[in-house]
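Before any comments, here is the structure.
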Amino acid sequence: MDCPTLKWGIIGTGQISTAFVTDLVLPRDDKNANHVVQAIGSSSKEKADEFVKKVAPESTATTYGAYDSVYADPAVDIVYIGTPHAFHKEACLAAIAQGKHVLCEKPFTLNRREAVEVFDAARKKGVFVMEALWTRFMPLCQELQKAVHEDKVIGEVNRVFCDFGLHMDLETLPRSSRLKNVALGGGSLLDIGIYSLTWGLLLLDNGIGETAATPQVFSAQSISQKIDIASSMILHYPQTGRQGILTSSMQIKTDPVFARIEGSKGVITIEGPATSVPKKFTVIPRGEDAEKKEYDFSRPGYGFYWEADAVAHDIAAKKTESSRMPWAETLRVMELMDGVRERGGARFPQDDSI
Ligand SMILES: NC(=O)c1ccc[n+]([C@@H]2O[C@H](COP(=O)([O-])OP(=O)(O)OC[C@H]3O[C@@H](n4cnc5c(N)ncnc54)[C@H](OP(=O)(O)O)[C@@H]3O)[C@@H](O)[C@H]2O)c1
Numbered sequence: 001m002d003c004p005t006l007k008w009g010i011i012g013t014g015q016i017s018t019a020f021v022t023d024l025v026l027p028r029d030d031k032n033a034n035h036v037v038q039a040i041g042s043s044s045k046e047k048a049d050e051f052v053k054k055v056a057p058e059s060t061a062t063t064y065g066a067y068d069s070v071y072a073d074p075a076v077d078i079v080y081i082g083t084p085h086a087f088h089k090e091a092c093l094a095a096i097a098q099g100k101h102v103l104c105e106k107p108f109t110l111n112r113r114e115a116v117e118v119f120d121a122a123r124k125k126g127v128f129v130m131e132a133l134w135t136r137f138m139p140l141c142q143e144l145q146k147a148v149h150e151d152k153v154i155g156e157v158n159r160v161f162c163d164f165g166l167h168m169d170l171e172t173l174p175r176s177s178r179l180k181n182v183a184l185g186g187g188s189l190l191d192i193g194i195y196s197l198t199w200g201l202l203l204l205d206n207g208i209g210e211t212a213a214t215p216q217v218f219s220a221q222s223i224s225q226k227i228d229i230a231s232s233m234i235l236h237y238p239q240t241g242r243q244g245i246l247t248s249s250m251q252i253k254t255d256p257v258f259a260r261i262e263g264s265k266g267v268i269t270i271e272g273p274a275t276s277v278p279k280k281f282t283v284i285p286r287g288e289d290a291e292k293k294e295y296d297f298s299r300p301g302y303g304f305y306w307e308a309d310a311v312a313h314d315i316a317a318k319k320t321e322s323s324r325m326p327w328a329e330t331l332r333v334m335e336l337m338d339g340v341r342e343r344g345g346a347r348f349p350q351d352d353s354i
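In structure tokens form, the structure reads like this:
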């Protein structure tokens, strides 16, 4: 289908749902899917009404003061889950049980075991489910992978450095904040370290999910009040000798240039306002006379429309998973992060529940 239509039910009216829906309704010249904001589910109907007024005033979205009403709404095709990590599994299972497709924010769940549960349910129902790792769907990311792995513009990759740090001022955040509350999945690794890890995985090896090479992982976490305020991972690929140095911190904001890829014939840097939001990459070939080349991908909006468009096309093609973010890739990343937390000490109460 050239321009499929998808009717979205939104769960949660926080920061990320606001950004996602803003992008869904953004006028675009290159639009290749129609996104309808069909329903909003919130802890209160007033909040849902406010959200529509602020974010999608032109829409005729139905507003609900309960998430279950969104899952049960026959007009909704797909549920977008924008609640804290700890509630992702429960929301995914409830939406799938009603036969809805699901796009769930990252991290998909708190641990691999929860993700398996959701994918098993999706398989049984035959619905589309994807982790909303939006950065993977950005044209910059796809062009960069091609430049590195196919065109080999910097020769053979040796090392990738990537950091995602934000100053989160944990002292002043309320205890209920999802960023610091361990029961809500607080900590840096699942919130932002997942992006550093993603860049490392995408740039050190061209495989995905089951076709990806398996790195050795060394890691450390700094724990404060039960959450990781900093996590560092070294990925080592024994077959190629490649290394990734991938980090996250809640204490200090990363510089705009957040990643560096070193190869046998040069270096590539990636920059943007955040590690999840790349805007530009620069190829710096080795040699004094060699000229730098910048690839600028800046454009209006945040960039959530690319993943939304891809989801619309996959669903129109009757797929149950995405080839850019397949279930096996989500499980692989969850397993890597489980290992980092196991070694580093950032455990969630849900890790121990059966
Ligand atoms: N892709 C990205 O770049 C990106 C960026 C930020 C966050 N995220 C992900 O999106 C998810 C939500 O993050 P956020 O920053 O949007 O969070 P947030 O601003 O705190 O909003 C979360 C929303 O979830 C609902 N909620 C339900 N139970 C809650 C509880 N016990 N505590 C707090 N909120 C609760 C609330 O909506 P109602 O009251 O309306 O029900 C709340 O507004 C996280 O998993 C995060 O990792 C992704």
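Per the UniProt record's numbering, residue 1 is the first one in the sequence shown, and the count goes up by one each step.
All C-beta atoms, glycine included, are put in the ideal place defined by N, C-alpha and C.
Where residue i falls: helix, strand or coil (DSSP)
i	result
VAL127	coil
PHE258	strand
VAL52	helix
GLN350	helix
ALA95	helix
ILE315	helix
HIS167	coil
GLU105	strand
GLY9	strand
GLN216	strand
SER69	helix
Inter-residue Cα distance where the pair is residue i and residue j
i	j	result
GLU288	TRP134	37 Å
VAL157	PHE164	21 Å
TRP306	SER222	35 Å
VAL55	THR18	6 Å
CYS92	VAL70	12 Å
ALA75	GLN38	7 Å
ASP49	ASP205	45 Å
SER353	GLU117	13 Å
PRO57	SER176	30 Å
THR83	LYS292	42 Å
ALA183	VAL340	18 Å
GLY187	ALA220	13 Å
ARG113	PRO285	43 Å
ALA230	PRO273	20 Å
PHE87	ALA290	51 Å
MET168	THR13	21 Å
ASP338	ALA346	9 Å
C-beta atoms of residue i and residue j nearer than 7 Å
i	j	result
ILE10	GLU105	no
LYS226	ILE154	no
GLU294	THR275	no
ASP77	LEU6	yes
LEU235	GLY200	yes
LEU202	GLN145	yes
HIS35	GLY185	no
VAL257	LEU103	no
ILE96	ALA132	no
LEU110	PHE348	yes
LYS253	LEU166	yes
TYR64	GLY41	yes
ILE261	VAL160	yes
PHE128	THR330	no
ALA259	ILE270	yes
LEU189	ASP228	yes
LYS279	SER298	yes
LEU24	ALA308	yes
Identified DSSP bridge partners for residue i
i	result
SER222	ALA230
ARG159	GLN243, GLU262
LYS293	VAL283
TYR64	GLY41
VAL277	ALA274
LYS47	DSSP lists no partner for LYS47.
HIS35	LEU6
THR269	ARG260, THR282
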